[in-house]
Structures are given as C-alpha cells and as structure tokens.
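Chains as they are written, first to last, in the numbering used here: chain Z, 54 to 383; chain C, 248 to 383.
Beneath this line is the structure, given in structure tokens, with notes to follow.
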C-alpha cells in the first residue's frame, strides 16, 4: 500500500500516476473492510477509486499528461525529506501515549459509543449503527458535511465556469470552420455496454440508499454511485448528450434542493415542537411510533444527502471535463 | 541495562501498534509530496495520500479485537438486552471518516479546478515555470 503511494508519486506520466492512485485507493478499501468498517470501505470504493480517479483523469485530459522534470532540485527534495522525517519522528515519539491497537476499552471506544451501540435499536429501529449515528445522533455533523460538498460545488463553478455568451460565439465559429470529424472515442461497444449497465447501476444505487438502514450503504454511497452512472453516460456518449437531459440550471437547483431537504426536515422538527433534527417529534405526521418516526426521518435525510452528493459529483465532473465551457469534453 | 529494556519496550510497542507507524509513514509521504513535488497534480495526489493517513488513524483507533461489523443481527434486534458492546466496531469514527472521504473528493475537485485555471493562464503545471512567468 505504501508502495503504491510511492509509485503514484514517482511516475513521470500523470495519467499513470492517476491510475496507480486508483489502485492505492482499492488497497485502502480492502484494509478498511478488514478493520470492520464496511461502510467506509464502500464509500472508498465508490469515491476514492472511482470518482476521484475520473476527476484527475478529466483534469489531465484538458491539460497535459507529461511532466517536465528539471535537472537539479535534488538537494531541495532531500532537504524537504529531512524536515518531513523529523516531523514523523516527533509523531512516532508520541506513540506510547496512544491506546493499543484493537483495545476495546480505549477512551475512543469507551465513552459515548456504548450508548449508541446499546440504544440504537430501541431509539430508532435501525440495525446499521453507522446509519443511525450518521443521520440521527450526529445529524448536525452530516448536515454540515453535506453543506461543505455543496459549497465545494459552488466554488468549482465560480472558478471554472466561463460565460455562456462567450462560449456560444466560440461554438458557432468552430461549427462553421471545422466539419464534424471522426471521434476515436465514439465506440459502439462502449456505448452499448454503458447503455446496458447504467440502469442497473442506478437501480443498485437506489437500493443502497433505501436499504442503508439494514446493510452497508446510505445517502453518501448511493449518491456517489448515481453520480458515477451519469458520469459514465457523459464519458461514453458525450457531454452534450448528458446536458440535453440535465440542464445546468436544474443540476444546480437539485444540488441545492438536497441540502434544503435535509435542513427542512430539521426545521419541520422545530415547528412540531422539538429540537432541530429531533425526528422523534415527527411521529404525528409519519406512520409508526416515535422510533419508527426517527427511522423515517433518517431515510428522508439520507435521500437529501444522496441528491446533493449525486448532482454535485456530476456538476464537478462536467466542469472539470469541459474546462468550464460545458460544451464538450471527455 | 535499564536503557536497553526501555528500548526493547518501545520496539515491542512499535510492532504491536504498527498501524500508527503506517499512519505516520503515509502522512510523511503526503507531506513530502505536497512540499517537494513541483507538479500541481502531484501535489493534489499528495494531499489525498495525507488524508488517507488521517482516515487510517481514525479507523484503526476505532477498531476492536474480535469485533464485528457494526450492523446488528436479527437475533439481537429482537432481544435488545443481548447486545454486547465489544462485539461491534466503533461506529462513530467510521461515520466521521465516511463523510470525510466524500468531502475529501469534493475538495480534491476544488484543488484540481484551481490547477486547471492555473494551467489556462500559464500552460504548465510546473511551479518554477509559473513563478518565472509571473516575474516577466
């Protein structure tokens, strides 16, 4: 694993570095599954190995894959190496103060966590502890993390997006001067395969969101898989094909509406007389008792997270792949 | 004599807790890449490696010996008094890292977008060349 990290940094070709970095992510995914963190492994497989590799590749597509290495600078690299080694040595010297690996009675495992494990099922009827902690006990954390994804999406828009009026003139000029040429990426096999796969990917993603209460999964993973299915559509056909179905404006509205849904569920709890994001109070409008209401509240929140993550992944990909022009790209 | 036993103690500690050693190594690699690599994309990859080091720290600190995945089985769901806390890995660190991964990819996207913008201006990813361009 460490080896993969080193290789991905030492390869001169950036495309190769991106692919090796994807392999590194898959190794991390296996390690997390081994430590019992299946939800994290799932997320890493979808995000680290899938989407982030695509982001790096689409950036490289718009720029250049070759690195110009310059002679000299080895002394500088060595100096940085010494500094970093010193920092690492300091970190290692603090090692004895940390609890042992796998100690069930360490402070991390012994303070608030036993409550979550013992009471999750009575409080919320959710067997997957990760989901109940994510969306119920730690609802504020997740709301703000979703907001961070939303803000990152806006940031990328404001950095890369180029005015449409300008790009329209570019487009017409290009359309007149250059006749449509043969595109080597225009492969029948790739198109038909993705046409066949995308419905199943989306169905699986919906299952992951809806079944996150009982098995590994939830809004983040399902949202990333849904986003990845649309990104696959954009890669195998072209960006215009995707944008015909999903307008830029509706993409951004949907990104915002996911966060809005999350916040609205919280506000609904306030209007019903409870605290913010206290889903138990919603039992008068949702079916079932208080615990069932919390379970339904978690589902609503997860759907909000899924919508935001899905469309922000798509929007980030479109921006990176088309260099902000929204016309063509990877 | 006293020194040597203390030394072997720390060695044993290092071997028993090699997860922390790996964390430190990953963070060192990431930090080195962010500082020493001249290429902006490589810097982004270094940032992601640094981040996986931190995620590994959290996940390994929440792992328990002999513990299972934090999903309750059907039997336990029906008898909620039968839950043994130490049978399940720590869900709290896991959810923190789960969201951190997704936020991490969003911030990686922001980094790459900035790198693309720099490339549009200077048509290079190399740090020194960018600085030379700016001086002109």
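Each residue gets a CB set at the ideal place from its N, CA and C atoms; glycine is no exception.
Q: Compile a chain-ordered list of the residues in the stretch 142 to 154 of chain Z whose CB is closer than 8 Å to at least one CB of chain D.
A: Chain labels in this structure do not include chain D; the protein chains are Z and C.
Q: Quick one: grab the DSSP three-state call for residue 178 of chain Z.
A: It is coil, neither helix nor strand.
Q: Taking residue 337 of chain C and residue 309 of chain C to be in contact with their CB atoms under 8 Å, please state how far apart those CB atoms are, rounded to whole angstroms.
A: In this structure, residue 337 of chain C and residue 309 of chain C form a Cβ contact; the two beta carbons are roughly 3 Å apart against a cut-off of 8 Å.
(Q) Taking the alpha carbon of residue 349 of chain C as the reference point, which residue from Z:345, Z:241, Z:361 and Z:100 has its own alpha carbon closest? (A) Closest in alpha carbon position to residue 349 of chain C, among Z:345, Z:241, Z:361 and Z:100, is Z:100.
(Q) For residue 10 of chain Z, would you say it is in contact with chain C, using Cβ-to-Cβ distances shorter than 8 Å as the test? (A) Since the displayed chain Z opens at 54 and closes at 383, residue 10 of chain Z lies outside it and no answer follows.
Q) Nearest chain C C-beta to residue 138 of chain Z closer than 8 Å, yes or no? A) Taking Cβ atoms only, chain C reaches closer than 8 Å to residue 138 of chain Z, which makes this a yes.
Q) What number of angstroms, rounded off, separates the C-alpha of residue 333 of chain C from the C-alpha of residue 171 of chain Z? A) When rounded, the separation of the alpha-carbon atoms in residue 333 of chain C and residue 171 of chain Z is 11 Å.
**Q.** Min CB distance residue 363 of chain C to chain Z below 8 Å
**A.** True, the Cβ-Cβ gap to chain Z drops below 8 Å.
(Q) Please report whether the beta-carbon of residue 368 of chain C lies at a distance below 8 Å from any beta-carbon of chain Z. (A) No, its Cβ sits nowhere closer than 8 Å to a Cβ of chain Z.
Q: Run the CB neighbour count on residue 357 of chain C, radius 10 Å, all protein chains shown included, and call it buried at 16 or more, exposed below.
A: Around the beta-carbon of residue 357 of chain C, 16 or more other beta-carbon atoms lie within 10 Å, marking it buried.
Q | Reduced DSSP category for residue 373 of chain C - H, G, I as helix; E, B as strand; rest coil | A | Note: residue 373 of chain C maps to strand in three-state DSSP.
Q) Which residues does DSSP pair with residue 384 of chain Z in a beta bridge? A) Any answer about residue 384 of chain Z is impossible in this case: the structure gives chain Z only from 54 up to 383.
Q: Anything in chain Z within Cβ reach of residue 378 of chain C, meaning under 8 Å, just list it in chain order.
A: Chain-ordered listing is empty here: chain Z has no CB closer than 8 Å to the CB of residue 378 of chain C, the nearest sitting near 13 Å.
Q.
Between residue 301 of chain C and chain Z, is the shortest Cβ-Cβ distance under 8 Å, so that the two count as touching?
A. For residue 301 of chain C, the nearest beta carbon of chain Z is not closer than 8 Å to its own beta carbon.
Q. Under a three-way DSSP split, which group does residue 329 of chain Z fall into?
A. Under the three-state reduction of DSSP, residue 329 of chain Z is assigned to coil, being neither helix nor strand.
Q. Should residue 335 of chain C and residue 321 of chain C be called a contact, given that it needs their Cβ atoms to be closer than 8 Å?
A. Not a contact, by the Cβ cut-off of 8 Å.
Q) Nearest-angstrom Cα distance between residue 180 of chain Z and residue 190 of chain Z? A) Going by the C-alpha atoms only, they are around 14 Å apart.
Q: Classify residue 331 of chain C as buried or exposed, calling it buried when 16 or more other Cβ atoms lie within 10 Å of its own Cβ.
A: Answer is exposed; the Cβ neighbour count stays below 16.
Q) What's the C-alpha gap between residue 143 of chain Z and residue 59 of chain Z? A) The alpha-carbon atoms of residue 143 of chain Z and residue 59 of chain Z are separated by roughly 22 Å.
Q. How about residue 105 of chain Z: is its C-beta nearer than 8 Å to some C-beta of chain C?
A. Closer than 8 Å to some Cβ of chain C, the Cβ of residue 105 of chain Z qualifies, so yes.
Q | Cβ-based contacts, 8 Å cut-off: residues of the stretch 158 to 171 of chain Z near chain C | A | Considering only beta carbons, the part of the stretch 158 to 171 of chain Z lying closer than 8 Å to chain C consists of 159, 161, 162, 165, 166, 167, 169, 170 and 171, in chain order.
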